[in-house]
Structures are given as C-alpha cells and as structure tokens.
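Below: the structure, in structure tokens.
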Amino acid sequence: MKFIDLEAQQQLLRPQIDDAIKRVLAHGKYIMGPEVFELEERLADYVGVKHCISCASGTDALLMSLMAQGVGPGDAIFTTPFTFVATGEVISLLGATPVFVDIDPRTFNMDPEKLAQAVKAVDNGWLIEDGQPQITNRTKPSTINHQPLTARGIIPVDLFGLPADYDTINAVAEKYELFVIEDAAQGFGGVYKGRKAGSLADVAATSFFPAKPLGCYGDGGAVFTDDDALADILRTIRIHGKGEDKYDNVRIGINGRLDTLQAAILLPKLEIFPEEVQARQKAADKYKKLFNDLNHQPSTINHQLPFVPNGLTSAWAQYSILLVSNKQRNALQKHLSDSGIPTAIYYPKPLHLQTAYAGFGYQRGDFPVSENVSERILSLPMGPYVKEEDQVKVLEAVIEALN
Ligand SMILES: Cc1ncc(COP(=O)(O)O)c(C=O)c1O
Numbered sequence: 003m004k005f006i007d008l009e010a011q012q013q014l015l016r017p018q019i020d021d022a023i024k025r026v027l028a029h030g031k032y033i034m035g036p037e038v039f040e041l042e043e044r045l046a047d048y049v050g051v052k053h054c055i056s057c058a059s060g061t062d063a064l065l066m067s068l069m070a071q072g073v074g075p076g077d078a079i080f081t082t083p084f085t086f087v088a089t090g091e092v093i094s095l096l097g098a099t100p101v102f103v104d105i106d107p108r109t110f111n112m113d114p115e116k117l118a119q120a121v122k123a124v125d126n127g128w129l130i131e132d133g134q135p136q137i138t139n140r141t142k143p144s145t146i147n148h149q150p151l152t153a154r155g156i157i158p159v160d161l162f163g164l165p166a167d168y169d170t171i172n173a174v175a176e177k178y179e180l181f182v183i184e185d186a187a188q189g190f191g192g193v194y195k196g197r198k199a200g201s202l203a204d205v206a207a208t209s210f211f212p213a214k215p216l217g218c219y220g221d222g223g224a225v226f227t228d229d230d231a232l233a234d235i236l237r238t239i240r241i242h243g244k245g246e247d248k249y250d251n252v253r254i255g256i257n258g259r260l261d262t263l264q265a266a267i268l269l270p271k272l273e274i275f276p277e278e279v280q281a282r283q284k285a286a287d288k289y290k291k292l293f294n295d296l297n298h299q300p301s302t303i304n305h306q307l308p309f310v311p312n313g314l315t316s317a318w319a320q321y322s323i324l325l326v327s328n329k330q331r332n333a334l335q336k337h338l339s340d341s342g343i344p345t346a347i348y349y350p351k352p353l354h355l356q357t358a359y360a361g362f363g364y365q366r367g368d369f370p371v372s373e374n375v376s377e378r379i380l381s382l383p384m385g386p387y388v389k390e391e392d393q394v395k396v397l398e399a400v401i402e403a404l405n
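Structure, rendered in structure tokens:
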C-alpha cells in the first residue's frame, strides 16, 4: 500500500505527459516557454482570479508574495506554528519576525480569535497585562530584536487541504490594515463558501511539489492575485527584479521561474484535477463511514476525525486523525507500519519548538493546541487513487491496534 499513489496517476496520463515533454524538447524553450503562460491562464481560470504567476516552488511563491509587499526587518507577520517550516522560513529570510498564533483544535488552522489578540498586542507595542504579554506566556520576538515591531501581514495556512477561516481573518486584517497571504500549498482544490482556495486573500501561494493535490515532477509553485499592480511586481521579482528587459533590474528579485517542462507536465494533470478532487472527497467520505461504523460497535475507538466546517470543502491533501494520546498514536503508527500500511506525522514538532527558532525564546507550553495536536496527529494513506479495499485494510489494522 502507498501513502500517496503517484504512479496510478502517471499510468493514467502517461501518453499525454510523454507528448507534452516531447513538445518542449522540440521547441527548446526551456525557460518561460509557451506552456508556462498557457498553464498560468488555465490556473487563473480554475481558481477564479485575474492573475497567476507561476514560480519555482511553493516556498518561492510565499517569499515572492512577502517581497512584493516590501516586507523586511521590524515587520511582524502572523502565522501558525503548526505548518511546514517554509511558511515561517520565508518571513525570517526577509529579516521580518514571525509571530505565531495557535490553532483551532478542530480545524488545525489558525485560530482567528487568538490572531486578533496577537495583532492587538503587537499593535499596542506588546502591551503587557499582569506582567505578561498577551500573545503567549512570556515576552517574545520584540525583546529579541530589541526593536519595535509593526504588524504588517498574516499568513493563514490551509492545512491538510482545509481552507482557514478567511471571513474572520480578513476582517482582522482590514481592521488593522494588514495584508493576507493565503498559504494554499495544501489547500489547492479546496473551496471556501463558494470560492476556490487561491482566491481567499489579497494574494495566495501554492505548491506543485509532487505529493501536493496538484503536483508536478519536481519543484513548482504559483502565486494568485486579483491585484494588477501586485501581479506586475510579482512578475518582475520572479525574474531577478527585471524591468524593461532582463538586464534592466528595477528591484531585488530572485530566480523564481517555473521550468517549461514542469508547466507542460502540469497541463494534462490540471485537466483531470477537478475529478481528482472529487475522488479525494469520495475517499474521505469512505474513511468517515468506516470510522463511524466502527463507533457503533461496543468497543469504541477514541479518535477525532477531520472536521470540515459548513460551507467549506477540503482538498484532502491529507486525511489526518487525532488519537487520544501520544502513546496511542505512536503504538498505532507502529502497528500500521508492521501491517504494511504507511502513515505520516504532520507535524511532529511545531515551528516554535524547532531549533531554527530557538533564538526567539519560545518554550513548550506557549502554543498548547499546536503542541498537543502534534503529539496525537496521524495521517493515513490518501489520494484520488487510494483503493477502497486498502481503506478497509487500514480500518482493520486500526481496530487490531486499538482494541
Ligand atoms: C503549508 C506549506 N507551505 C509551503 C510549502 C512549501 O512548498 P514547496 O515545497 O513547493 O516549496 C509546503 C510544502 O511542502 C507546505 O505544505
């Protein structure tokens, strides 16, 4: 059994992908070839925004989005510690300060109420109540850099494919005049109240890493926005800050282009993507039914299934369940592995506890929900091509392990 079956999709699309690669080899425009622009148009159409700026990875998509907003030292960018490191890394790369905000225990996405508290605290110059700052239990980044922080932006993450609570997050942003960058690396294909992930904030970043909902055969990413001026800036940042031509450099940029070959590979994949999103939903429904049937039996397994708020659709990048304890999670993972069932832990260590962020002085206990979830979460085999019989096997192994 595979954790994500990428081969099944390749078999299905092999002739189209072979043709696409041959076409690129024939025209030889490996950098910014016609497939790049065709893909951008189709992606923008799919998401329902004016502009798609493809780029070299999801990390570059986030980095370019921050650069386009002119982010730098002294800027506070609010994000969740329960995410892949790239989300926080890009903030630090620009010398800005990531201010972490704990997650909602049911959706695992940024908790908008805690976001409002954190923004208020930074906006007030980290006002201290009862000798303690409001964000966590102790004084945080502002004392490390010895400089005042200015609240500038928010990066909510659509974790495991589920869009974050954008109505509330965008309202906080509006109140404090902050920009919002949707990290849709995992959310691409998801829907929030009728709008597609990638269109839910001022700008959105996604990843085409092979295992992502829409993946290429290497690294790739894209930025989405309705803002014409921002799109122009993003297009120049992607190519070394180019102006009129590539030897006219009007700003500092990066080498952030998507390879033509990857764009060509993505085109046939995008064609079947809507069906794949439906197939992921079907697989999620199947897991839900299997787990719920289980709970009607006398020996109930304690777990929390993924929660999808009304009006939202997950892209189901992962199907992650929450066990009762770290011990139970680890024992279950071992039993599944012994039974030939691959699983993954996203993420075993929240960002504030990573060595890379040790300089901020965060401690265990600062973001209790993220910490607790990281100890109990387990992602099961998932994807558009996961077989129902394999899902049944997963459940059988879960029952064996937990009863
Ligand atoms: C939430 C999140 N943000 C950003 C990224 C970075 O994407 P990439 O690996 O394409 O740079 C990833 C992917 O790993 C991710 O899961």
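In the working numbering, the protein residues as written are 3 to 405. Where a beta carbon is used, it is the ideal one built from N, C-alpha and C, also for glycine. Remember, predicted model here, so these are calculated numbers, not experimental data.
Residue environment, residue i, which counts as buried when at least 16 other CB atoms sit within 10 Å
i           : result
residue 343 : buried
residue 187 : buried
residue 284 : exposed
residue 152 : exposed
residue 254 : exposed
residue 155 : buried
residue 259 : buried
residue 394 : exposed
residue 19  : buried
residue 33  : exposed
residue 2   : The first residue shown for the chain is 3 and the last is 405, placing residue 2 beyond what the model contains.
residue 327 : exposed
residue 116 : buried
residue 249 : exposed
residue 192 : buried
residue 9   : exposed
residue 277 : exposed
residue 173 : exposed
residue 313 : exposed
Member of the options whose CA lies at the smallest distance from the CA of residue i
i           : options               : result
residue 359 : 273, 41 and 94        : 94
residue 365 : 102, 391 and 318      : 102
residue 271 : 210, 357 and 240      : 210
residue 74  : 183, 92 and 295       : 92
residue 305 : 296, 275 and 231      : 296
residue 200 : 239, 24 and 159       : 159
residue 396 : 404, 387, 386 and 382 : 382
residue 410 : 195, 162, 110 and 294 : Only positions 3 to 405 of the chain appear in this structure, which leaves residue 410 out of reach.
residue 361 : 178, 100, 30 and 16   : 100
residue 150 : 202, 176 and 77       : 77
residue 108 : 329, 325 and 367      : 325
residue 98  : 72, 215, 85 and 11    : 72
residue 81  : 51, 50, 4 and 175     : 175
residue 217 : 279, 373 and 123      : 279
residue 372 : 85, 119, 266 and 162  : 85
residue 122 : 96, 178 and 163       : 178
Collapsed DSSP secondary structure at residue i in the structure displayed
i           : result
residue 73  : coil
residue 376 : helix
residue 347 : coil
residue 357 : helix
residue 261 : strand
residue 103 : coil
residue 251 : strand
residue 130 : Because residue 130 sits at a pLDDT of 40, beneath the cut-off of 50, its placement in the model cannot be relied upon, and the following sentence gives the value as read from the coordinates. In the structure shown, residue 130 sits in a strand (DSSP, three-state: E or B).
residue 322 : strand
residue 66  : helix
residue 315 : strand
residue 220 : coil
residue 185 : strand
residue 401 : helix
residue 153 : strand
residue 256 : coil
residue 289 : helix
residue 139 : Any reading at residue 139 is ruled out, since the residue's pLDDT is 39, under 50, leaving its predicted position unreliable.
residue 366 : coil
residue 242 : coil
residue 284 : helix
residue 109 : coil
residue 6   : coil
residue 387 : coil
residue 87  : coil
Rounded Cβ spacing between residue i and residue j (contact assumed at less than 8 angstroms)
i           : j           : result
residue 38  : residue 262 : 6 angstroms
residue 6   : residue 213 : 5 angstroms
residue 157 : residue 114 : The Cβ separation is near 14 angstroms, so there is no contact.
residue 399 : residue 354 : Incorrect: roughly 33 angstroms between the Cβ atoms, too far for contact.
residue 1   : residue 268 : The question about residue 1 has no answer here: the residues shown for the chain are numbered 3 through 405.
residue 347 : residue 379 : 6 angstroms
residue 281 : residue 386 : 4 angstroms
residue 70  : residue 236 : 5 angstroms
residue 66  : residue 57  : 6 angstroms
Any 3 or more C-beta pairs closer than 8 angstroms across the stretch 47-65 and the stretch 327-338: As far as the Cβ criterion goes, the stretch 47-65 does not touch the stretch 327-338, which means the pair count is below three.
Given 8 angstroms, three or more beta-carbon pairs between the stretch 38-47 and the stretch 219-233: Short answer: they touch.
At least three beta-carbon pairs within less than 8 angstroms, the stretch 314-325 to the stretch 188-204: Touching, yes, given that three or more Cβ pairs across the two stretches are closer than 8 angstroms.
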